[in-house]
Every structure is written in C-alpha cells, then in structure tokens.
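Below is one structure; the comments refer to it alone.
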Amino acid sequence: MNVYFSHNNDQLKAKYPDNVTMKPLSSSIGEHEVNFEDGTSCKVDVIFYCTGYLYDFPFLHESCGITVNDNFIEPLYKHIIHIEKPTMKHEVADTGSDARRHPKRTAGEIIEGIPDQELQEKLSKGFPISQAHMLGPYQRSYYSDLANLAKTHDIPEVMLKIKKASFERFTEDLLNFRRDVYKIIDDENFIHVC
C-alpha cells in the first residue's frame with residue numbers, strides 16, 4: 004500500500020516509511036485520482052483528510068462558563084485558571100523544583116488585579132485566534148510568569164532545552180523520537196543518550 008502525504012509545510016524533514024511519498028498540495032481531486040500543484044497525479048483508493056483538531060468539552064456543563072470560539076478556549080488566565088470562577092483551576096505542575104515547600108495559592112490570589120494582555124499581544128503580532136493557546140516563542144516567559152505567580156522556582160533551562168531537542172527529533176524522525184533518552188547533567192545541560 005502506498006501513502007501520499009500532501010501538505011503545505013516545506014519544513015517537514017521527518018523520515019517516514021518507504022511507502023510514504025511527500026507531495027505538494029492537491030490542485031484537484033477526482034473519483035480515484037488526485038492531481039497535485041507540481042503537475043503530478045496519483046491513483047488513490049482512500050483520501051484521509053486531516054485539518055488539525057478542535058477543542059471540545061462535552062463533559063463540562065454550560066454553567067461552568069468555558070466557551071470555545073474559533074478553537075480559542077476562554078475565559079482562562081495563562082491557559083489554566085478560569086478568570087470568572089477561580090476555584091476552577093489546575094495546580095502549577097511540579098517541575099522537579101522544591102515547589103512543594105511553597106504554600107499553595109488560590110487562583111483568585113494569583114489573578115487578582117492582573118490583566119491578561121497575552122492574547123492582545125499575540126493578535127497584534129498576527130497570530131490567528133485559533134492559535135492563541137500556542138506558546139511558541141513565549142514558552143520561557145510563560146513558564147517564568149507561572150512560577151512567579153505561584154511564588155515558586157522557575158523551570159530549569161535544561162527542561163526547555165530537552166523539550167526543544169525532542170521537538171526537533173519529532174520533526175526529523177517521527178517513527179523513533181519517542182524512544183530517545185536524555186540525561187540531565189545540570190540546570191543548563193543534558194546529553195542525548197540514545
């Protein structure tokens with residue numbers, strides 16, 4: 004069985020099985036044939052159309068006040084704390100620091116008087132509302148803000164470096180990146196063991 008992976012991402016470098024062929028976007032689709040923008044065509048039996056994902060919370064009653072508009076979940080502060088119902092919250096994850104020594108703060112204490120300008124900043128930089136939850140280049144400041152708000156230690160830089168390395172491996176070797184093993188040397192450094 005042959006698989007044709009049609010996409011608009013020139014940055015994909017991942018290794019796929021031998022039966023997977025990368026193709027540009029389709030220009031037209033017939034009953035059993037797909038024509039691509041590069042002038043090539045392929046006979047196909049099945050088209051599996053993937054457009055991403057949609058957030059949905061059918062288990063939450065509407066009285067919870069969580070809404071999804073164009074894949075943007077609101078009203079959340081820092082993507083985790085319900086602004087209008089501060090008892091609906093997630094605890095800041097223990098990142099290997101001594102966070103457990105610090106007293107827990109309520110969501111209300113954390114968000115009191117703090118306006119969430121992150122969304123407006125992202126929109127002004129061209130992020131579509133549907134990607135407002137993506138951290139991208141904001142990861143370091145996001146994690147630092149959470150640690151500061153919770154009055155705990157920040158995530159060690161090595162954890163973000165491992166996350167970045169793991170993502171790069173994901174884009175390079177989709178089939179094997181989950182088998183990777185990393186060894187932390189100190190708060191800044193790690194090695195890729197295998």
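Numbering follows this note's numbering, in which position 183 of the sequence shown is assigned residue number 186; successive positions increment by one, without gaps. Ideal Cβ placement from N, Cα and C applies to all residues, glycine included. Values in this document were obtained by computation on a predicted structure and should not be read as measured data.
Review point. Below 8 Å, can you find three or more Cβ-Cβ pairs linking the stretch 5-23 to the stretch 37-49?
Key: yes
**Study point:** Residue interval of the beta strand (DSSP E) (run including Thr174)
**Key:** Against the sequence shown, residue 174 aligns to sequence position 171. Run containing Thr174: none in the beta strand (DSSP E); it sits in the alpha helix (DSSP H), Glu160 to Glu175.
Practice item. For Ser147, I'd like the list of residues in its chain whose CB is within less than 6 Å of its CB, leaving aside the five on either flank, ordered along the chain. Key: Walking along the sequence shown from the start, residue 147 turns up at place 144. So the list reads Asp157, once near-sequence residues are dropped.
Point to revise | Per DSSP, the bridge partner or partners of Cys45 | key: By 1-based counting over the sequence shown, the position of residue 45 is 42. Answer is Val37.
Practice item. Identify the continuous beta strand (DSSP E) that holds Tyr7 and give its terminal residues. Key: The residue labelled residue 7 in the question sits at position 4 within the sequence shown. Per DSSP, Tyr7 belongs to the beta strand (DSSP E) from Val6 to Ser9.
Check your understanding: CA-CA distance, His136 and Thr24?
Key -> For the purposes of this step, residue 136 is identified with residue 133 of the sequence shown, where counting begins at 1. For the purposes of this step, residue 24 is identified with residue 21 of the sequence shown, where counting begins at 1. Whole-angstrom Cα-Cα distance: 32 Å.
Check your understanding: Using the C-alpha atoms, what's the distance from Tyr56 back to Ile69?
Key -> As a working note, residue 69 is residue 66 in the sequence shown. As a working note, residue 56 is residue 53 in the sequence shown. Looking at the two C-alpha atoms, the distance is approximately 18 Å.
Point to revise | Cβ-based burial, Thr174 [other Cβ within 10 Å; buried from 16] | key: In the sequence shown, the residue the question calls residue 174 occupies position 171. With fewer than 16 other Cβ atoms within 10 Å, it is exposed.
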